[in-house]
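Residue numbers (the numbering used here): 1045 to 1298. C-beta atoms are modelled at their ideal positions from N, C-alpha and C, and glycine is treated no differently.
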């Protein structure tokens, strides 16, 4: 007797499991999520999970691959276009800045616009803190290419090599400016009484990001990342100048 499908009449069971899994895994992570939660959210029999995916871990990996196939191409196309531009021509600082704005703006849009995307963003953050075997997939399919492209553009602004430690650190800081709106979502919700990011909030976030990037270009990224000692010295010099000016002024009154 041949084995029958666990839900023979439901051809959309696999798709519904993938949709449900993004939110469940994003909320509870791989270890915390249960097959019962996943099946109930999708409205399917629990037997569908091992049937279609081999188990919970298989569904987790399939959820990540599904996101890549549906949503990541938007980021990938921008990264690919920038990589091609970097290969065929020399890019000046102005163009590098424009391309950086485009790439980071696209990342914002993909990760913040829809609930499924935000759920996947939480999966990425959890994988950074507690990597599973799936992190290799996430890193090789998306993170490495995005990070290297950001570093290449920053290197032009810094006049340094893309693999310079200082460039890589700064690339990570820029990525963090996007992920913080996922990791710190509850803080911004309470401060602004938000239930979700509307088009207006999204536009404000994007504009603020562009303002931060505009500060980088004219000085080759020096001022935003200047050493604290440089600021202390500058403040000390200003204080000395003011003190000297006051002394001169008092001397002139005698």
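Could you tell me if residue i is buried or exposed, where buried requires 16 or more neighbouring beta carbons within 10 angstroms of its beta carbon?
i	result
residue 1098	exposed
residue 1240	exposed
residue 1114	exposed
residue 1116	buried
residue 1091	exposed
residue 1088	buried
residue 1236	exposed
residue 1230	exposed
residue 1224	exposed
residue 1258	exposed
residue 1070	buried
residue 1165	buried
residue 1170	buried
residue 1067	buried
residue 1131	exposed
residue 1162	buried
Report the rounded CA-to-CA distance for residue i versus residue j, giving the unit in angstroms.
i	j	result
residue 1111	residue 1180	15 Å
residue 1222	residue 1190	13 Å
residue 1193	residue 1206	9 Å
residue 1238	residue 1133	44 Å
residue 1145	residue 1220	15 Å
residue 1062	residue 1121	24 Å
residue 1035	residue 1072	With the chain covering only 1045 through 1298, there is no way to say anything about residue 1035.
residue 1129	residue 1201	16 Å
residue 1138	residue 1059	44 Å
residue 1198	residue 1156	24 Å
residue 1255	residue 1082	41 Å
residue 1213	residue 1077	33 Å
residue 1243	residue 1153	10 Å
residue 1215	residue 1177	24 Å
residue 1086	residue 1105	17 Å
residue 1174	residue 1246	29 Å
residue 1204	residue 1211	8 Å
residue 1186	residue 1208	21 Å
residue 1228	residue 1057	33 Å
residue 1226	residue 1065	18 Å
residue 1218	residue 1195	10 Å
residue 1260	residue 1184	28 Å
residue 1262	residue 1093	For residue 1262, the pLDDT reaches just 41, beneath the cut-off of 50, and the residue's location in the model is therefore unreliable, although a value from the coordinates is still provided. Rounded to the nearest angstrom, the two C-alpha atoms are 54 Å apart.
residue 1102	residue 1118	25 Å
residue 1234	residue 1095	42 Å
residue 1125	residue 1182	21 Å
residue 1074	residue 1136	44 Å
residue 1168	residue 1140	27 Å
residue 1127	residue 1084	43 Å
So does residue i have its beta carbon nearer than 6 Å to some heavy atom of the ligand FMN?
i	result
residue 1121	What this structure holds is no ligand at all, so the ligand FMN is not there to describe.
query = Contact between the segment 1147 to 1165 and the segment 1245 to 1257: three or more CB pairs below 8 Å?
reply = Here the segment 1147 to 1165 lies against the segment 1245 to 1257, with 3 or more beta-carbon pairs under 8 Å apart.
query = Fully enclosed by the segment 1175 to 1211, which alpha helix (DSSP H) runs are 4 residues long or longer?
reply = If only complete runs of 4 or more residues are kept, the segment 1175 to 1211 shows the alpha helix (DSSP H) at 1179 to 1182, 1188 to 1202, in order along the chain.
query = Which runs of the alpha helix (DSSP H) spanning at least 4 residues fall entirely within the segment 1115 to 1150, listed in chain order?
reply = 1116 to 1132
query = Mind pulling the alpha helix (DSSP H) runs of 4 or more residues that sit fully within the segment 1055 to 1079?
reply = 1057 to 1076
message = Just to confirm the assignment: which complete alpha helix (DSSP H) runs, minimum length 4, are found wholly within the segment 1211 to 1247?
response = 1229 to 1236
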